[in-house]
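These notes are about the structure you will find just below.
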Amino acid sequence: MAFLELSHVEKSYGKGAKAFQVLTDINLQVNKGEFVAIVGYSGAGKTTLISLISGLLKPDKGTVKLNDLEIVEPGPDRAVVFQNYSLLPWMSVYENVYLAVDQVFKNWTAVKKKQHTDDYIKMVNLSAARDKKPSELSGGMRQRVSLARALAMDPQILLMDEPLSALDALTRANLQDEIEKIWREARKTVVLITNDVDEAILLADRIIPLSAGPSATLGPEVMVTIERPRNRKQMNHDPNYKEIRGKVLSFLLGEGAKKRQFVTRRLSLPDIEPEDISQGMPGFSSNRQARRKKEIKEEVVEIDS
Amino acid sequence: MRETKFKLDWLILPLLGIGAFLILWFAFTKTVSPDLPTPGKTWELSKTYITKPFEKRGELDQGILRFTWLSLVMVAKGYAIALILGTPLGFMLGISKTFAKCFDPLIQILRPVSPLAWLPLGFVIFAKAKGNVSEVAALFTIAVCSMWPTVLNTAVGVRSIPQDYLNVAKVLKLSRTKTLFRVLLPATLPYMFTGFRLSLGIAWLVIVAAEMLTGRPGVGGFLWQEYNSNIPEHIILCIITIGVVGFILDRLMSLIEQRFRTA
Ligand SMILES: Nc1ncnc2c1ncn2[C@@H]1O[C@H](COP(=O)(O)OP(=O)(O)OP(=O)(O)O)[C@@H](O)[C@H]1O
Ligand SMILES: [Mg+2]
Numbered sequence: 001m002a003f004l005e006l007s008h009v010e011k012s013y014g015k016g017a018k019a020f021q022v023l024t025d026i027n028l029q030v031n032k033g034e035f036v037a038i039v040g041y042s043g044a045g046k047t048t049l050i051s052l053i054s055g056l057l058k059p060d061k062g063t064v065k066l067n068d069l070e071i072v073e074p075g076p077d078r079a080v081v082f083q084n085y086s087l088l089p090w091m092s093v094y095e096n097v098y099l100a101v102d103q104v105f106k107n108w109t110a111v112k113k114k115q116h117t118d119d120y121i122k123m124v125n126l127s128a129a130r131d132k133k134p135s136e137l138s139g140g141m142r143q144r145v146s147l148a149r150a151l152a153m154d155p156q157i158l159l160m161d162e163p164l165s166a167l168d169a170l171t172r173a174n175l176q177d178e179i180e181k182i183w184r185e186a187r188k189t190v191v192l193i194t195n196d197v198d199e200a201i202l203l204a205d206r207i208i209p210l211s212a213g214p215s216a217t218l219g220p221e222v223m224v225t226i227e228r229p230r231n232r233k234q235m236n237h238d239p240n241y242k243e244i245r246g247k248v249l250s251f252l253l254g255e256g257a258k259k260r261q262f263v264t265r266r267l268s269l270p271d272i273e274p275e276d277i278s279q280g281m282p283g284f285s286s287n288r289q290a291r292r293k294k295e296i297k298e299e300v301v302e303i304d305s
Numbered sequence: 306m307r308e309t310k311f312k313l314d315w316l317i318l319p320l321l322g323i324g325a326f327l328i329l330w331f332a333f334t335k336t337v338s339p340d341l342p343t344p345g346k347t348w349e350l351s352k353t354y355i356t357k358p359f360e361k362r363g364e365l366d367q368g369i370l371r372f373t374w375l376s377l378v379m380v381a382k383g384y385a386i387a388l389i390l391g392t393p394l395g396f397m398l399g400i401s402k403t404f405a406k407c408f409d410p411l412i413q414i415l416r417p418v419s420p421l422a423w424l425p426l427g428f429v430i431f432a433k434a435k436g437n438v439s440e441v442a443a444l445f446t447i448a449v450c451s452m453w454p455t456v457l458n459t460a461v462g463v464r465s466i467p468q469d470y471l472n473v474a475k476v477l478k479l480s481r482t483k484t485l486f487r488v489l490l491p492a493t494l495p496y497m498f499t500g501f502r503l504s505l506g507i508a509w510l511v512i513v514a515a516e517m518l519t520g521r522p523g524v525g526g527f528l529w530q531e532y533n534s535n536i537p538e539h540i541i542l543c544i545i546t547i548g549v550v551g552f553i554l555d556r557l558m559s560l561i562e563q564r565f566r567t568a
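One line per chain: the protein sequences are A and B, in this order. Mapping the first sequence onto our numbering, position 29 (from 1) lands on 29, and the numbers just tick up by one. Here our numbering = 1-based position in the second sequence + 305.
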């Protein structure tokens, strides 16, 4: 039995005729202590998938289970590093992290909670910015706060939704190293959403591609067999690296890129009825009826792209 | 060079405007309306009220700041009632769609009703109230009229709280009160203060009308009395006072509002 288990999960937004199917038949198993990366296109439904695991959304069909218990609501045992940081702008770095610590470790003494908060701020190298507001921080710093907040909650599973996508390449590489280091020390179960295959290869034990939407679904998993600690420079020469990268990309660019598109075509069927001569000769009369009945049909066709 | 020119601009240009206005006013008294007192005469008859702003010579013969103070005290009371009632009401409207659907039409109907219409109703409602009926009725009118901007802005503020903040509250499983005080309230504060500022403006408009109708001592009461005693110079004094005080109140509130906007 896997630690986190999604089976036959489906999710659409909207109801009835306007329903928009985002995820179809999602099956995912994550073991305890494992680092899984999900790589997918923008708008494919990655945030939706993370929200289903965190409990912020409920699946239309199928089940999401953590520790064999069905997830029915969000909770601090599943910490989320949100795509857009989601720090509370009226609180300082310290207060943002403390809010989470205070909530999770209710029966700790104030001193202990304070110490714990400061430890995690230090862990992400933000001690100097401890009393600053999020608006005074750079994007990379905000993401570190968000990471510190999630880790300080000591969650059972850490869900990261494109934590580094909004950052420049240098900051991104920096934070990737930090995430790797933190994970090695804390050994949390992690689900990382990303749109960067290299990032996934650097960090994850296993990569699962998500096909393009609508009706996105998970593709075949790829194990990352490269030894840890992984080094960005050396990795490029690893024969495994090319193979892993090739496998993920071939799904994403090939089968997984297929947007299931539908077009509605108006079809005019051939007119086989004879001309109706009882209508009289074609003349100048303006209210003359059409003499041929055309059969017009609408047809929905799935196209390959 | 440019610096000094700019510095003078903010002082000279408004003075120029006021000067032009005084000249127009003077010309007006000499041509169209001989009954309108000239600026000079207005100053002549008003200066004791301004130079001795805190003197009390009689119930309706007091220094202008003393009157202003009396009016401000009334406004403060009525405004406080408006905020105490309006803020929670706005929150409820913002949080609950059902609540909003129930009461939104009612609010839209009550909102445009003039203070002149509420005041008599206040007298009826509080006719048997202990204490000063005219005071209670005036407070009622101020509260009922000035509450709406607070109600509506708070509701809009609550509705426009980003989903991200609510998600944080949900993932952390904050209790209801914690969600309210640590997330909802701080996120709504900038909107609330916009409402508070607009409400104060209305409260100040209403107090003048309420005083005129009730004859309570205050800037508005004084204005009405001086109209009845046929001293138009004092009417002008009152109008200028009302304008200046309203302007200062608005400035103060927007300073506070600014602080929350950047937070
Ligand atoms: N609340 C919603 N209501 C309706 N449609 C939604 C909603 N949220 C997302 N969608 C749609 O669902 C699809 C998937 O959205 P989602 O945010 O999960 O994508 P994503 O993979 O996280 O994208 P990105 O890479 O841009 O973050 C999108 O087409 C989006 O328009
Ligand atoms: Mg997303």
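Think of the CB as a built atom: it goes at the ideal place given N, C-alpha and C, for glycine as much as any other residue. Here the structure is a predicted model, which means the values were calculated and not measured.
Task: Buried versus exposed, by CB contacts within 10 Å (16 or more), residue 115 of chain A - done: The sequence position of residue 115 of chain A within the first sequence is 115, counting from 1. It is exposed - the Cβ of residue 115 of chain A has fewer than 16 other Cβ atoms within 10 Å.
Task: residue 195 of chain A: CB within 7 angstroms of a non-hydrogen atom of ligand 1 - done: For the purposes of this step, residue 195 of chain A is identified with residue 195 of the first sequence, where counting begins at 1. Relative to ligand 1, the nearest heavy atom lies less than 7 angstroms away from the CB of residue 195 of chain A.
Task: Collapsed DSSP secondary structure at residue 452 of chain B in the structure displayed - done: On the second sequence, position 147 is the one that residue 452 of chain B refers to. Three-state result, residue 452 of chain B: helix.
Task: Where the alpha helix (DSSP H) through residue 344 of chain B begins and ends - done: If you number the second sequence from 1, residue 344 of chain B lands on position 39. Per DSSP, residue 344 of chain B belongs to the alpha helix (DSSP H) from 344-356.
Task: Under 7 angstroms by beta carbon: chain A residues contacting residue 487 of chain B - done: Your numbering for residue 487 of chain B matches position 182 in the second sequence. Going along chain A in sequence order, the residues near residue 487 of chain B (Cβ under 7 angstroms) are 99.
TODO: Would you mind telling me which residues of chain B sit closer than 8 angstroms to residue 80 of chain A, beta carbon to beta carbon, in chain order?
DONE: Translated into positions along the first sequence, residue 80 of chain A becomes position 80. Contacts between residue 80 of chain A and chain B, judged by CB atoms closer than 8 angstroms, involve 472, 476 in chain order.
Open item on the list: Are there any heavy atoms of ligand 1 lying less than 7 angstroms away from the beta-carbon of residue 39 of chain A, as far as the coordinates show?
Closed with: Walking along the first sequence from the start, residue 39 of chain A turns up at place 39. Distances between the C-beta of residue 39 of chain A and the heavy atoms of ligand 1 are all 7 angstroms or more.
Task: Residue from A:119, A:59, A:139, A:128 with nearest C-alpha to residue 86 of chain A - done: Taking the first sequence and counting its residues from 1, one reaches residue 86 of chain A at position 86. Of A:119, A:59, A:139, A:128, the residue nearest in Cα terms is A:139.
Open item on the list: Comparing C-alpha positions only, which one of B:343, B:390, B:351 sits nearest to residue 459 of chain B?
Closed with: As a first step, residue 459 of chain B must be located in the second sequence, where it is residue number 154. Nearest of B:343, B:390, B:351 to residue 459 of chain B, Cα basis: B:390.
- [ ] May I ask you to check if the CB of residue 242 of chain A is nearer than 7 angstroms to at least one heavy atom of ligand 1?
- [x] Within the first sequence, residue 242 of chain A is the residue found at index 242, counting from 1. Residue 242 of chain A Cβ: outside cutoff for every heavy atom of ligand 1.
TODO: For my contact list, residue 56 of chain A and residue 11 of chain A are in at a C-beta cut-off of 8 angstroms; report their separation, rounded to the angstrom.
DONE: The residue labelled residue 56 of chain A in the question sits at position 56 within the first sequence. The residue labelled residue 11 of chain A in the question sits at position 11 within the first sequence. With a beta-carbon spacing of about 12 angstroms, residue 56 of chain A and residue 11 of chain A fall beyond the 8 angstroms limit used to define contacts.
Open item on the list: Counting only C-beta atoms, is residue 469 of chain B closer than 8 angstroms to chain A at any point?
Closed with: In the second sequence, the residue the question calls residue 469 of chain B occupies position 164. Taking Cβ atoms only, chain A reaches closer than 8 angstroms to residue 469 of chain B, which makes this a yes.
Open item on the list: Using CA atoms only, rank isn't needed, just tell me which of A:193, A:136, A:15 is closest to residue 37 of chain A.
Closed with: Numbered from 1 along the first sequence, position 37 holds the residue referred to as residue 37 of chain A. Looking at the Cα atoms, A:193 is the closest of the given residues.
Open item on the list: With H, G and I counted as helix, E and B as strand and the rest as coil, what does DSSP make of residue 92 of chain A?
Closed with: Along the first sequence, one-based indexing puts residue 92 of chain A at 92. Residue state, collapsed to three classes: coil.
Open item on the list: At a cut-off of 7 angstroms, would you count residue 46 of chain A as near ligand 2, judging by its Cβ distance to the nearest heavy atom?
Closed with: Reading the first sequence from its first residue, position 46 is the one you call residue 46 of chain A. Shortest gap from the CB of residue 46 of chain A to any heavy atom of ligand 2: under 7 angstroms.
Task: Helix, strand or coil at residue 498 of chain B according to DSSP, with G and I counted as helix - done: On the second sequence, residue 498 of chain B is found 193 positions in, with the first residue counted as 1. DSSP, reduced to helix, strand and coil, places residue 498 of chain B within a helical segment of the structure shown.
Task: Buried or exposed by the 16-neighbour rule on C-beta atoms within 10 Å, applied to residue 403 of chain B - done: As a position in the second sequence, residue 403 of chain B is number 98, starting the count at 1. Around the beta carbon of residue 403 of chain B, fewer than 16 other beta carbons lie within 10 angstroms, which makes this residue exposed.
Task: Neighbour-count burial assignment, residue 110 of chain A, 16 or more Cβ in a 10 Å radius - done: Start at 1 with the first residue of the first sequence, and residue 110 of chain A comes out as number 110. When all chains shown are included, residue 110 of chain A counts as exposed.
Task: Distance CB(residue 501 of chain B)-CB(residue 388 of chain B) smaller than 8 angstroms - done: Sequence index remark: in the second sequence, residue 501 of chain B carries index 196 (1-based). Sequence index remark: in the second sequence, residue 388 of chain B carries index 83 (1-based). Against a cut-off of 8 angstroms, the Cβ pair of residue 388 of chain B and residue 501 of chain B comes out as a contact.
Task: Within 8 angstroms, strictly: CB atoms of residue 333 of chain B and residue 321 of chain B - done: As a working mapping, residue 333 of chain B is identified with position 28 in the second sequence. As a working mapping, residue 321 of chain B is identified with position 16 in the second sequence. Result no, Cβ atoms of residue 333 of chain B and residue 321 of chain B do not sit closer than 8 angstroms.
- [ ] Using a Cβ cut-off of 8 angstroms (strictly closer), state whether residue 393 of chain B contacts chain E.
- [x] Here the protein chains are A and B, and chain E is not one of them.
Task: One or two residues paired with residue 13 of chain A in a DSSP bridge - done: Walking along the first sequence from the start, residue 13 of chain A turns up at place 13. Paired residue(s): A:20.
- [ ] Please find out if some non-hydrogen atom of ligand 1 comes closer than 7 angstroms to the beta-carbon of residue 138 of chain A.
- [x] Numbered from its first residue, the first sequence carries residue 138 of chain A at position 138. No, the Cβ of residue 138 of chain A stays beyond 7 angstroms of every heavy atom of ligand 1.
Task: chain A contact for residue 537 of chain B (CB, 8 angstroms cutoff) - done: Locating residue 537 of chain B in the second sequence gives position 232, where the first residue counts as 1. Taking CB atoms only, residue 537 of chain B has no neighbour in chain A less than 8 angstroms away.
Open item on the list: Taking the beta carbon of residue 315 of chain B as the centre, do at least 16 other beta carbons fall within 10 Å, making it buried, or is it exposed?
Closed with: Here residue 315 of chain B refers to the residue found at position 10 when the second sequence is read from its first residue. By the 10 Å Cβ count, residue 315 of chain B comes out exposed.
- [ ] Could you check what DSSP says for residue 1 of chain A in three-state terms: helix, strand or coil?
- [x] Along the first sequence, read from residue 1 onward, the residue named residue 1 of chain A stands at position 1. DSSP places residue 1 of chain A outside both helix and strand once states are collapsed to three, so it counts as coil.
Open item on the list: Is residue 209 of chain A close to chain B? Criterion is C-beta to C-beta, closer than 8 angstroms.
Closed with: Start at 1 with the first residue of the first sequence, and residue 209 of chain A comes out as number 209. Answer no: the Cβ-Cβ gap between residue 209 of chain A and chain B never drops below 8 angstroms.
Open item on the list: Would you say the beta carbon of residue 3 of chain A is closer than 7 angstroms to some non-hydrogen atom of ligand 1?
Closed with: Residue numbering aside, residue 3 of chain A sits at position 3 when the first sequence is read from its first letter. Residue 3 of chain A Cβ: outside cutoff for every heavy atom of ligand 1.
Task: First and last residue of the uninterrupted beta strand (DSSP E) at residue 160 of chain A - done: Translated into the one-based positions of the first sequence, residue 160 of chain A becomes position 160. Residue 160 of chain A -> beta strand (DSSP E) spans 157-161.
Task: Where residue 356 of chain B falls, given that 16 or more other Cβ within 10 Å makes a residue buried - done: Residue 356 of chain B sits at position 51 when you count from the first residue of the second sequence. Exposed, because fewer than 16 other Cβ atoms sit within 10 Å of the Cβ of residue 356 of chain B.
Task: Exposed unless 16 or more other CB atoms sit within 10 angstroms - verdict on residue 1 of chain A - done: The sequence position of residue 1 of chain A within the first sequence is 1, counting from 1. A residue is called buried when at least 16 other Cβ atoms come within 10 angstroms of its Cβ; residue 1 of chain A does not meet this threshold and is exposed.
- [ ] Quick one: list the residues of chain B neighbouring residue 84 of chain A, beta-carbon separation under 8 angstroms, in chain order.
- [x] Here residue 84 of chain A refers to the residue found at position 84 of the first sequence. 469, listed in chain order.
Open item on the list: For the beta strand (DSSP E) containing residue 310 of chain A, name the first residue and the last one.
Closed with: What is shown of chain A runs 1 to 305, which leaves residue 310 of chain A out entirely.
Task: Contact check, residue 514 of chain B vs residue 380 of chain B, beta carbons under 8 angstroms - done: Counting from one through the second sequence, the residue named residue 514 of chain B turns up at place 209. Counting from one through the second sequence, the residue named residue 380 of chain B turns up at place 75. With a cutoff of 8 angstroms on beta-carbon distance, residue 514 of chain B and residue 380 of chain B are scored as not near each other.
Open item on the list: By the three-class DSSP mapping on this structure, what secondary structure does residue 29 of chain A have?
Closed with: Here residue 29 of chain A corresponds to residue number 29 of the first sequence, with the count starting at 1. Here residue 29 of chain A sits in strand by DSSP.
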